[in-house]
Amino acid sequence: MSEELDTGFFADWLRAAATAIDREAAHLTELDSPIGDADHGSNLQRGFTAVQTALAKEPQETPGALLLFTGRQLISTVGGASGPLYGTLLRRTGKALGDAAAVPLPELAAALRGAADAVAQLGGAAPGDATMLDALYPALDALDAGSAPGDAFPAAARAAAEGAEATVPMQARKGRASYLGERSVGHEDPGAASTALLFEALATAYGEGA
Amino acid sequence: MAGGEQVGIVLVSHSSEVADSAAQLARELGGGEAAPVVGAGGAAGGGTGTSSERIAEAAHAVDSGAGVALLADLGSAVLTVKSLLAEGDQLPEPARLVDAPLVEGAIAAAVTASGGADLDAVAAAAEEAYQYRKV
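Top to bottom, those sequences are chains A and B.
Numbering follows the working numbering, with no gaps: position 6 of the first sequence is 19.
Numbering follows the working numbering, with no gaps: position 87 of the second sequence is 134.
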């Protein structure tokens, strides 16, 4: 694969994401049980499966169009807070990529960062609140530090996984978990865990395409 | 209002029963020419959650050209309405997420909308419901 990321790569990413979420759905729901409403895994599984079905019927021409389309599917099919949050992340990224046929790494990293800021604004959250942002921003820092997808994507996957683990001692300040106050401490945030899966899928998709 | 158009009101809750019952209550208390108030609650496949389709359908159903005020309970209900507004083409124009308590805000909005007030006034009335102290 060249250093420009084309539509095929992004389609591979979403397929790898759906596979990872299928594999981890029970675990995500288990994480969501003590602090949330025990639906994170099944919600994301429904959403990412619906994306695959919709893309099979309506393939998209560019990376930007693909991510816009996927974001809208997630907003309409997930049914929990993660739908609008991940939907916004992918839609904003897609919008920023415009109609380019292929995208270099720095452009993807910049688009994702702008989208992450939009997600933070939508949810009114900041890093340290025990949310998906605690996996997302470290992953984006790793993308910025990487010189090529081959090293940046695995580094981002590691950073996101570490970021998700780092939510365990945090007290949740957003969502249902925030009502638990100190009782939310000691639990990994399910949204941070699923964000780590998305970056794992990014590395997987690139590794398989290389 | 000259054309007799009233602001429509959509109540978004994780529970379809909560949304529909709050809407019924607001309609009953709304007064004579009651403005349209509908619930858009629960997940698409039934059960607890939020459905962007249900919200969009409800908003179009209550829209008569004067605008739509949406009130939501929490979490995904709020975020889904916000993301529908951000999409730009999913809800009637103008549509607004009103920062208000669901039940009390719905009643204030319904009474105000039934009197023919515009969207700004309906939203302001619903938001004022936060100021009503109970003790």
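Yeah, the Cβ is synthetic: ideal placement off N, Cα and C, and Gly gets one too.
Please read these numbers as outputs of a predicted model, since none were measured by experiment.
| Asked | Found |
| --- | --- |
| Using a Cβ-Cβ distance cut-off of 8 Å, determine whether A/Leu98 contacts chain B. | yes |
| Kindly list, in the order they appear in chain A, the residues whose Cβ is closer than 7 Å to that of B/Glu100. | Ser89 |
| Shorter than 8 Å from the beta carbon of B/Ala90 to some beta carbon of chain A? | yes |
| List the residues of chain A that B/Leu126 touches, going by C-beta distances under 7 Å, in chain order. | Ala94, Pro97, Leu98, Leu135, Gly136 |
| Looking at C-alpha atoms only, which residue of B/Gly94, B/Asp136, B/Ala116, B/Thr127 is the closest neighbour of B/Ala70? | B/Ala116 |
| By how many angstroms is the C-alpha of B/Ala176 removed from the C-alpha of B/Glu151? | 6 Å |
| Could you check whether the Cβ of A/Arg186 sits closer than 8 Å to any Cβ belonging to chain B? | no |
| Using three-state DSSP, classify B/Val145 as helix, strand or coil. | coil |
| Near A/Ala123, which residues of its chain fall below 6 Å by C-beta distance, leaving aside the five closest residues on each side in sequence? | none |
| Where does A/Glu2 fall in DSSP's three states? | Nothing about residue 2 of chain A can be reported from this structure: the residues present for chain A run from 14 to 223 only. |
| Any heavy atom of the ligand PLP closer than 7 Å to the beta-carbon of B/Ala176? | Here there are no bound small molecules, and the ligand PLP is not part of this structure. |
| What residue range does the beta strand (DSSP E) around B/Ala168 cover? | Element bounds for B/Ala168: not the beta strand (DSSP E) but the alpha helix (DSSP H), 166–175. |
| Could you check which residue in A/Leu102, A/Lys70, A/Leu118 has the C-alpha nearest to that of A/Pro162? | A/Leu118 |
| Using beta-carbon positions only, say whether A/Ala165 and A/Leu156 come within less than 8 Å of one another. | yes |
| Cβ of A/Arg196 less than 8 Å from any chain B Cβ? | no |
| CA-CA distance, A/Gly176 and A/Arg126? | 16 Å |
| Output the boundary residues of the beta strand (DSSP E) element that contains A/Ala115. | 115–117 |
| Given this structure, state the Cα-to-Cα distance separating B/Ser68 from B/Ser130, to the nearest angstrom. | 25 Å |
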